[in-house]
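K.L.:
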Amino acid sequence: MSESVQKRRRIQRSSPPPVYILDGENDTYEPYIPVAQRREAKLAKLSALSVSSDLRAKAKKELEELLEKEDVQREEERRREKARKERTLLVEAQEVHSRKAAEDASKTEVEKADEVDAEILAAIASRRKLASDLELAKGIQYSESLKSSWRPPKHIRERTEEQHGRLREKYHIIVDGENIPPPIEHFEDMKIPVAMLQFLKSKKITSPTPIQLQGIPTAFSGRDMIGIAFTGSGKTLAFCLPLIMLALEEEARLPFIRGEGPVGVVLCPSRELATQTYENVLSWTAAISKDGKYPSLNTLLCIGGISMGDQSHVLNKGLHIVVATPGRLIDMLEKKKFGFGNCKYLCMDEADRMIDLGFEDDVRNIMSFFKRQRQTLLFSATMPRKIQDFAQQSLVKPVLVNVGRAGAANLDVLQVVEYVKQEAKMVYLLECLQKTAPPVIVFSENKNEVDDIQEYLLLKGVQAVAIHGSKSQEERQYAIKSFKSGAKDVMVASGVASKGLDFNDIQHVIIFSMPKEIEDYVHQIGRTGRSGKTGIATTFVNMSTPEQTLLDLKYLLMEAGQKVPPFLQTIEDPRAVQGGSLKGCPVCGGLGHAISNCPKLEDAQRRQMASHRATHGDGGGY
Numbered sequence: 001m002s003e004s005v006q007k008r009r010r011i012q013r014s015s016p017p018p019v020y021i022l023d024g025e026n027d028t029y030e031p032y033i034p035v036a037q038r039r040e041a042k043l044a045k046l047s048a049l050s051v052s053s054d055l056r057a058k059a060k061k062e063l064e065e066l067l068e069k070e071d072v073q074r075e076e077e078r079r080r081e082k083a084r085k086e087r088t089l090l091v092e093a094q095e096v097h098s099r100k101a102a103e104d105a106s107k108t109e110v111e112k113a114d115e116v117d118a119e120i121l122a123a124i125a126s127r128r129k130l131a132s133d134l135e136l137a138k139g140i141q142y143s144e145s146l147k148s149s150w151r152p153p154k155h156i157r158e159r160t161e162e163q164h165g166r167l168r169e170k171y172h173i174i175v176d177g178e179n180i181p182p183p184i185e186h187f188e189d190m191k192i193p194v195a196m197l198q199f200l201k202s203k204k205i206t207s208p209t210p211i212q213l214q215g216i217p218t219a220f221s222g223r224d225m226i227g228i229a230f231t232g233s234g235k236t237l238a239f240c241l242p243l244i245m246l247a248l249e250e251e252a253r254l255p256f257i258r259g260e261g262p263v264g265v266v267l268c269p270s271r272e273l274a275t276q277t278y279e280n281v282l283s284w285t286a287a288i289s290k291d292g293k294y295p296s297l298n299t300l301l302c303i304g305g306i307s308m309g310d311q312s313h314v315l316n317k318g319l320h321i322v323v324a325t326p327g328r329l330i331d332m333l334e335k336k337k338f339g340f341g342n343c344k345y346l347c348m349d350e351a352d353r354m355i356d357l358g359f360e361d362d363v364r365n366i367m368s369f370f371k372r373q374r375q376t377l378l379f380s381a382t383m384p385r386k387i388q389d390f391a392q393q394s395l396v397k398p399v400l401v402n403v404g405r406a407g408a409a410n411l412d413v414l415q416v417v418e419y420v421k422q423e424a425k426m427v428y429l430l431e432c433l434q435k436t437a438p439p440v441i442v443f444s445e446n447k448n449e450v451d452d453i454q455e456y457l458l459l460k461g462v463q464a465v466a467i468h469g470s471k472s473q474e475e476r477q478y479a480i481k482s483f484k485s486g487a488k489d490v491m492v493a494s495g496v497a498s499k500g501l502d503f504n505d506i507q508h509v510i511i512f513s514m515p516k517e518i519e520d521y522v523h524q525i526g527r528t529g530r531s532g533k534t535g536i537a538t539t540f541v542n543m544s545t546p547e548q549t550l551l552d553l554k555y556l557l558m559e560a561g562q563k564v565p566p567f568l569q570t571i572e573d574p575r576a577v578q579g580g581s582l583k584g585c586p587v588c589g590g591l592g593h594a595i596s597n598c599p600k601l602e603d604a605q606r607r608q609m610a611s612h613r614a615t616h617g618d619g620g621g622y
């Protein structure tokens, strides 16, 4: 190679491009000049000045002061940067904690409690709405309610909104929503089949109850609905009759064949309530189709503990109505015994339990089987405000129909609260049974205690049966059947029999052990005083009853105008002592505590933690 090729040639690099800084006012760019270059430029400028030595000395002094100031600033910046690097997350956390502690010290106990309640409410409000997986994945949202062929009679449509308001006020009905259907005072004006009207009259049902008066027209109109009314007010007819009429309309248009249906489903939290609803639907559909003017409908009971093979004759036909508990319904849907491809009516009885943390996952699973928009109805006697708000997010233009305060006790029940020592309860129970003629229901929260009470009553010659969740389905069905038929005088039950079950002519309910949640107490005493009749509820309390539960009970008695015993009157509300607000709990509806002390929320959290441990194999055991 030649020497000229081997020599490395020095490449003259061009000077770096100037850096431009954005001027916020006129969006123009100016080049950045380093500090050293700025100093040289200033010195050159001063040297070029043809001025006197005094001026040069003064300018030089100013320049030195300026340079010294810049050096001090740079040193300060280096010191701050070094301190920032040495600063740890622990130090920052300690400073944040100290600031928070100072802020908390300036707040009152009431303000702190309100902040805790607000955080819990925000966490509950963040729950995702009830919808199918397809709708959530595709972001499907329905803006209009389902269309219905039903219309009120002309004379009712011609009434003014003011007249509708007066009628609602007469029956103490509170409504909320857009374009609310009118209330209708007579079954005939609801366009119900004559055969059904005759059947209702044979059962001495001549006019609709307040929840039926507003609820049935709302459901007939195809609207999503939240129905709240006290126990024994006829909610079952209010949501079953619209489903029956919808199924009749679908069957009349085009008869169902095997593999088709159902049109609608009714979800219940317990097997007993589902069985009762199923029997009601059977009797109503049989009454309508009796004269031959309307087609017969096929209804399926889908609950655990029974053989579905016994209902194979129903599955072999077109299916119109399904009454179910969540667990067995999911099992049948996953096995593809039937599907929800054409299902457009969903009702949840005791809905606050159905969408509570205990059943919410099951309900979401059931929702995933729907392929189209559906009409959704939620009914309960106890539906706290927060559950209402959550439910309204999941419904399409819902109508809220409320008869009385959600969670309030039935005013037709005389509530008697007595202080009874634990060891004296059994003996005093015999005395209480003599207050009224049978049948009588005795409630206890403990399954073992239920069995002990039944055994004690049998030894004393009282015809008693027992029902709780640990008994087999055959034992539970036998207990309810024998009690309803009058073969047994007393039924001892856990909370499983308190939700929605309807027994004829129950004059007396005895609460042997007061439940922690005031909602359960409202449901238990609601087994008497039904359909306009009166009843008595006797409740035993003692030192083992939590003070918060007693405070809830005290406010409930005061609200219902009942006699408050002296030992309850002496219990003071700590919120009143601290000057806080006495609003009811938005989760369970109890008037004696805030959401931070809610036993229902605590129980739900315990169930969640237990479920999480079981799922991850951390449950312990041998």
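Counting from 1, one number per residue, gives the positions in the sequence shown under full-length UniProt numbering. The beta carbon of each residue, even a glycine, is placed where N, CA and C say it ideally should be.
Can you tell me whether residue 36 is buried or exposed, with buried defined as 16 or more other CB within 10 angstroms of its CB?
P.N.:
Flag for residue 36 reads exposed.
K.L.:
Under DSSP, the beta strand (DSSP E) around residue 535 begins and ends at which residues?
P.N.:
Run containing residue 535: 535 to 541, per the beta strand (DSSP E) assignment.
K.L.:
I'd like to check one pair, residue 266 with residue 250: are the Cβ atoms closer than 9 Å?
P.N.:
No, the Cβ-Cβ distance between residue 250 and residue 266 is not below 9 Å.
K.L.:
What does DSSP give as the partner residues of residue 380 in its beta bridges?
P.N.:
Paired residue(s): 228.
K.L.:
Between residue 426 and the rest of its own chain, which residues show a CB-CB distance below 6 Å, the 5 nearest in sequence each way excluded?
P.N.:
Closer than 6 Å at the Cβ level, and outside the excluded window around residue 426, lie 456.
K.L.:
Decide if residue 294 is buried, meaning its Cβ has at least 16 other Cβ atoms within 10 Å, or exposed.
P.N.:
Classification of residue 294: buried, given that the 10 Å Cβ count is 16 or more.
K.L.:
My assumption, with CB atoms under 8 Å, is that residue 335 sits in contact with residue 372. Please give the rounded CB distance.
P.N.:
About 22 Å; that fails the 8 Å criterion.
K.L.:
In whole angstroms, give me the CA-to-CA distance for residue 272 and residue 483.
P.N.:
Each residue's alpha carbon lies about 13 Å from the other.
K.L.:
Can you grab the Cα-Cα spacing for the pair residue 234 / residue 134, in whole Å?
P.N.:
Going from the Cα of residue 234 to the Cα of residue 134 covers about 35 Å.
K.L.:
Between the alpha carbons of residue 624 and residue 75, how many angstroms are there, rounded?
P.N.:
Outside the shown range of the chain (1 to 622) lies residue 624, about which nothing can therefore be said.
K.L.:
Within 10 angstroms of its Cβ, does residue 181 collect 16 or more other Cβ (buried), or is it exposed?
P.N.:
When all chains shown are included, residue 181 counts as buried.
K.L.:
Residue 277 and residue 323: beta carbons closer than 9 Å?
P.N.:
Yes, the pair counts as a contact, with Cβ atoms nearer than the cut-off.
K.L.:
I'd like the ranges of any alpha helix (DSSP H) spanning at least 4 consecutive residues and lying wholly in the region 289 to 321.
P.N.:
Entirely contained in the region 289 to 321, the alpha helix (DSSP H) runs reaching 4 residues are, in chain order, 312 to 315.
K.L.:
Between residue 592 and residue 562, is the Cβ-Cβ spacing less than 9 Å?
P.N.:
In this structure, residue 562 does not lie closer than 9 Å to residue 592 by Cβ.
K.L.:
In the DSSP assignment, what are the bridge partners of residue 67?
P.N.:
In DSSP, residue 67 forms no bridge with anything.
K.L.:
Would residue 280 and residue 330 be called neighbours here (beta carbons separated by less than 9 Å)?
P.N.:
No, these two residues do not count as a Cβ contact at 9 Å.
K.L.:
Considering Cα atoms alone, identify which of 325, 289 and 288 is closest to residue 306.
P.N.:
When only C-alpha atoms are compared, the closest one is 325.
K.L.:
Could you tell me if residue 206 is buried or exposed, where buried requires 16 or more neighbouring beta carbons within 10 angstroms of its beta carbon?
P.N.:
Flag for residue 206 reads exposed.
K.L.:
Note down the Cα distance separating residue 72 from residue 595, rounded to an integer number of angstroms.
P.N.:
Taking the straight line from one Cα to the other gives about 58 Å.
K.L.:
Report back the beta-carbon spacing between residue 536 and residue 435 to the nearest angstrom; my notes put them in contact at under 8 Å.
P.N.:
So it is a contact: roughly 7 Å between Cβ atoms.
K.L.:
Have a look at the DSSP bridge pairing and note the partners of residue 400.
P.N.:
176 and 226, per the DSSP bridge assignment.
K.L.:
What is the rounded straight-line gap between the Cα of residue 439 and the Cα of residue 551?
P.N.:
If you take the alpha carbons of residue 439 and residue 551, they lie about 30 Å apart.
K.L.:
Could you tell me the boundaries of the alpha helix (DSSP H) in which residue 477 lies?
P.N.:
Start and end: 473 to 485.
K.L.:
Using 8 Å as the threshold, is the region 220 to 232 in touch with the region 377 to 388, meaning 3 or more CB pairs across them?
P.N.:
Verdict: yes, contact present.
K.L.:
Based on the DSSP secondary-structure assignment, which residues constitute the bridge partners of residue 215?
P.N.:
In DSSP, residue 215 forms no bridge with anything.
K.L.:
Which class does residue 456 belong to by DSSP, given the choice of helix, strand or coil?
P.N.:
Of the three classes helix, strand and coil, the one that applies to residue 456 here is helix, per DSSP.
K.L.:
Does DSSP put residue 523 in a helix, in a strand, or in coil?
P.N.:
It is helical.
K.L.:
With contact counted as at least three CB pairs below 8 Å, one residue from each stretch, are the region 462 to 472 and the region 410 to 419 in contact?
P.N.:
These segments do not touch.
K.L.:
Can the beta-carbon of residue 449 be found less than 9 Å from the beta-carbon of residue 544?
P.N.:
No; because the gap between Cβ atoms is not below 9 Å, this pair is not in contact.
K.L.:
If you reduce the DSSP assignment to three classes, tell me which class residue 414 lands in.
P.N.:
Three-state DSSP puts residue 414 in a strand.
K.L.:
According to DSSP, simplified to helix, strand and coil, what is residue 25?
P.N.:
Low per-residue confidence applies at residue 25: pLDDT is 49, beneath 50, and the placement is therefore not dependable, though the value from the model is reported in the following sentence. Reduced to three states, the DSSP call for residue 25 is coil.
K.L.:
Would you say residue 395 and residue 558 are within 9 Å of each other, going by their C-beta atoms?
P.N.:
No, the Cβ-Cβ distance between residue 395 and residue 558 is not below 9 Å.
K.L.:
Going by Cα to Cα distance, which pick from 398, 375 and 493 is closest to residue 148?
P.N.:
Nearest option by C-alpha distance: 375.
K.L.:
Between residue 501 and residue 346, what straight-line distance do the alpha-carbon atoms span, to the nearest angstrom?
P.N.:
Their backbone Cα atoms lie some 20 Å apart in a straight line.
K.L.:
Return the CA-CA distance between residue 626 and residue 533, expressed in angstroms with no decimal places.
P.N.:
Residue 626 cannot be examined here, being either before or after the span of the chain that is shown, 1 to 622.
K.L.:
According to DSSP, what are the bridge partners of residue 442?
P.N.:
Partner(s): 492 and 510.
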